[in-house]
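Student: Chains E and R are the protein sequences, given in the same order.
Under the working numbering, the residues of the first sequence are numbered 363 to 477, in order.
Under the working numbering, the residues of the second sequence are numbered -16 to 99, in order.
Glycine included, every Cβ here is placed at the ideal spot set by N, Cα and C.
Since the model is a prediction, treat every value here as computed from it, not as a measurement.
Dropping the structure in here first, questions after.
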Amino acid sequence: EAGVTQFPSHSVIEKGQTVTLRCDPISGHDNLYWYRRVMGKEIKFLLHFVKESKQDESGMPNNRFLAERTGGTYSTLKVQPAELEDSGVYFCASSPSLAGSYEQYFGPGTRLTVT
Amino acid sequence: AQSVAQPEDQVNVAEGNPLTVKCTYSVSGNPYLFWYVQYPNRGLQFLLKYITGDNLVKGSYGFEAEFNKSQTSFHLKKPSALVSDSALYFCAVSAPFSGGYNKLIFGAGTRLAVHP
């Protein structure tokens, strides 16, 4: 079974530019999550999709961040315009909608550097 | 406010010795507790979880953790450390009144270094 994949693995952009991160969850997983780890601190929740619907976006820092999951498969996270404080590692995770399944399966992350 | 604390930035242990990585939490409602490990240039890998039942849970690679409700702790342990256990370890919790069971709250991570 293929795991969660993320693209790109690294991205370096200048302040004010736009970047789009992509996440492909494990096939069949209805739940998709985005998290972010900034400056070696805690990994923080950004948002949660159930299929194509945003279930919880309470962790999205501001309106420069836009997440989509068209068709309920892969997801994109766009940052526009990027600011210096957006630098960090963005993780995507997925999980099935099965009773008793509580752990989330994480991708390798995208390291974003804004200069 | 809901939070997870991993009080040690780094834990050093000699190969063959027992190891403990500490985690305490503060959430509202009955918690679900998790440990994840991150090896260099890899994603977070699930190690083990506590949902309900026996307070001692066993996971991958010989790791185990004990849920202590009175101390609000979920320390990760292994009886005999291996050099290959060297990695970054994250404790995480979810709870019904702290964002719900789908929202993981993480600690800052503890780097485990096992020396030959």
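1) Quick one: is residue 48 of chain R near chain E, going by C-beta distance under 9 Å?
2) Consult DSSP for residue 414 of chain E and reduce its assignment to one of helix, strand or coil.
3) Taking residue 469 of chain E as the query, report the chain R residues whose CB atoms sit under 9 Å from its CB, ordered along the chain.
4) Would you list, in sequence order, the uninterrupted beta strand (DSSP E) runs of no fewer than 3 residues that lie entirely inside the segment 413 to 459 of chain E?
5) Could you have a look at residue 53 of chain R and say whether DSSP puts it in helix, strand or coil?
6) Within this structure, are the beta carbons of residue 392 of chain E and residue 436 of chain E separated by less than 9 Å?
7) Within 10 angstroms of its Cβ, does residue 448 of chain E collect 16 or more other Cβ (buried), or is it exposed?
8) If you reduce the DSSP assignment to three classes, tell me which class residue 26 of chain R lands in.
9) Residue 30 of chain R: which of R:39, R:36, R:20 sits nearest, CA to CA?
10) Leaving out the 5 sequence neighbours to the left and right, which residues in its chain are closer than 7 Å to residue 91 of chain R when beta-carbon positions are compared?
11) Check each candidate in R:93, R:98, R:56 and name the one with the smallest Cα separation from residue 16 of chain R.
12) Taking residue 34 of chain R as part of the beta strand (DSSP E), name the residues at either end of that continuous run.
Tutor: Looking at the coordinates:
1) Position 65 of the second sequence, counted from the first residue, corresponds to residue 48 of chain R. Not closer than 9 Å to any Cβ of chain E, the Cβ of residue 48 of chain R fails to qualify, so no.
2) As a first step, residue 414 of chain E must be located in the first sequence, where it is residue number 52. If DSSP states are grouped into helix, strand and coil, residue 414 of chain E belongs with coil.
3) Here residue 469 of chain E corresponds to residue number 107 of the first sequence, with the count starting at 1. Result: 26, 27.
4) List check, beta strand (DSSP E) in window: 415 to 418, 427 to 430, 437 to 441, 450 to 457.
5) Here residue 53 of chain R corresponds to residue number 70 of the second sequence, with the count starting at 1. Residue state, collapsed to three classes: coil.
6) Here residue 392 of chain E refers to the residue found at position 30 of the first sequence. Here residue 436 of chain E refers to the residue found at position 74 of the first sequence. Taking 9 Å as the Cβ cut-off, residue 392 of chain E and residue 436 of chain E do not qualify as a contacting pair.
7) Working through the first sequence from its first residue, we reach residue 448 of chain E at position 86. Classification for residue 448 of chain E: buried.
8) In the second sequence, the residue the question calls residue 26 of chain R occupies position 43. Collapsing the DSSP output to three states places residue 26 of chain R in coil.
9) Within the second sequence, the letter at position 47 stands for residue 30 of chain R. Looking at the Cα atoms, R:20 is the closest of the given residues.
10) The residue you call residue 91 of chain R lines up with position 108 of the second sequence. Short of 7 Å from the beta carbon of residue 91 of chain R, and not among the five residues preceding or following it, lie these beta carbons of its own chain, in chain order: -11.
11) In the second sequence, residue 16 of chain R corresponds to position 33, counting from 1. In terms of Cα proximity to residue 16 of chain R, the closest of R:93, R:98, R:56 is R:56.
12) Here residue 34 of chain R refers to the residue found at position 51 when the second sequence is read from its first residue. Residue 34 of chain R: not part of any beta strand (DSSP E); DSSP gives it neither H nor E.
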